[in-house]
Every structure is written in C-alpha cells, then in structure tokens.
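Residue numbers (our numbering): 365 to 513.
The beta carbon of each residue, even a glycine, is placed where N, CA and C say it ideally should be.
This structure is a prediction, so every number in the text was calculated from the model and none was measured.
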C-alpha cells in the first residue's frame with residue numbers, strides 16, 4: 365500500500381483487501397469438509413496453541429471479539445502460526461502498521477454481519493462454531509506449506 369498514491373490508498377486498501385480476503389475465504393471452504401487438520405499443519409497448530417481445541421477457542425475468540433466488521437485469521441509469521449483479527453478488509457499481508465498483525469494468512473473467516481446475519485442474526489459465535497464444519501483443511505495445509513517457503 366505504501367507505493368499507492370495517497371488519494372487512492374483508501375480505495376485500494378478496502379476494495380483490494382476485500383477481494384484478497386474473499387478470494388482466500390472461498391478456497392478454504394468446502395461441502396463435506398470440516399474435521400481436523402493432519403500432518404505438519406496439525407503439528408504446527410499444536411505447537412502454537414497447545415492443541416487443536418485451544419486453537420479453535422483462540423480463533424473463535426478473535427472473531428467473536430472483533431468489534432464491528434472484520435476478519436479472524438490463522439496466519440504464518442516468521443515460520444510460526446499465529447491467530448488474530450483485523451478490522452474491515454485489512455489482512456495480515458498489509459503489515460503490523462496497517463492491520464495490527466503481520467504475516468501470510470492461511471485461514472480466514474469473514475465476521476462482517478453480511479456473512480452470517482440472514483441465518484444467525486446477531487449470534488456471531490454460532491456462525492463461528494458452524495464454520496468448523498466446512499473448513500477445507502487440505503487447502504489450509506497447502507497454504508501453510510507455501511507460506512513456509
């Protein structure tokens with residue numbers, strides 16, 4: 365974003381961020397998915413969070429406590445996994461100064477109301493709980509492998 369003209373930076377941040385975030389979001393979902401990760405991703409989640417259940421708690425908390433619109437993330441920072449959230453259409457690729465977190469996102473959850481309101485109304489935690497039923501862990505594992513390169 366630093367190389368974008370000042371008068372265009374806001375539009376690029378919001379629209380470009382929205383495109384990037386949703387493009388990732390749709391690739392990590394799938395019918396008949398869910399379950400738990402395996403292999404290196406599972407090992408890395410355990411190392412970063414203590415267990416898969418503790419990871420899910422941290423991720424759910426990141427999404428549920430994000431005030432207003434934003435995203436919950438599992439991302440790679442300096443070769444290690446981290447959980448966090450960003451406001452609006454920001455993401456970890458935008459860096460600490462802009463997004464408040466920094467790294468390569470490998471799993472993202474849209475916590476804008478438009479993503480869940482018709483089915484869950486104001487019950488964001490219920491939406492987050494249902495998310496685990498559609499996570500494509502194979503796609504997340506592939507993103508993890510690529511982010512570590």
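Cβ-Cβ separation, residue j to residue i (assumed contact under 8 Å), whole Å
| i | j | result |
| --- | --- | --- |
| residue 474 | residue 462 | So it is not a contact: roughly 19 Å between Cβ atoms. |
| residue 447 | residue 511 | Actually they do not touch by this definition, with Cβ atoms about 14 Å apart. |
| residue 424 | residue 492 | 5 Å |
Backbone secondary structure at residue i - three-state DSSP
| i | result |
| --- | --- |
| residue 387 | helix |
| residue 454 | coil |
| residue 470 | strand |
| residue 440 | strand |
Length of the line joining the Cα atoms of residue i and residue j
| i | j | result |
| --- | --- | --- |
| residue 372 | residue 456 | 20 Å |
| residue 401 | residue 470 | 13 Å |
| residue 381 | residue 449 | 14 Å |
| residue 366 | residue 459 | 11 Å |
| residue 506 | residue 472 | 14 Å |
| residue 504 | residue 432 | 26 Å |
| residue 452 | residue 378 | 8 Å |
Member of the options whose CA lies at the smallest distance from the CA of residue i
| i | options | result |
| --- | --- | --- |
| residue 435 | 465, 500, 509, 419 | 465 |
| residue 419 | 394, 496, 509 | 496 |
| residue 397 | 509, 478, 499 | 499 |
| residue 394 | 508, 501, 509, 513 | 501 |
| residue 426 | 437, 417, 416 | 437 |
| residue 404 | 421, 430, 375, 443 | 443 |
| residue 467 | 513, 417, 370 | 513 |
Evaluate contact between the segment 471-487 and the segment 407-416, counting only Cβ atoms and requiring at least three cross-stretch pairs below 8 Å.
-> no
Inter-stretch contact at 8 Å, needing at least 3 Cβ pairs: the segment 487-494 / the segment 386-397 | no
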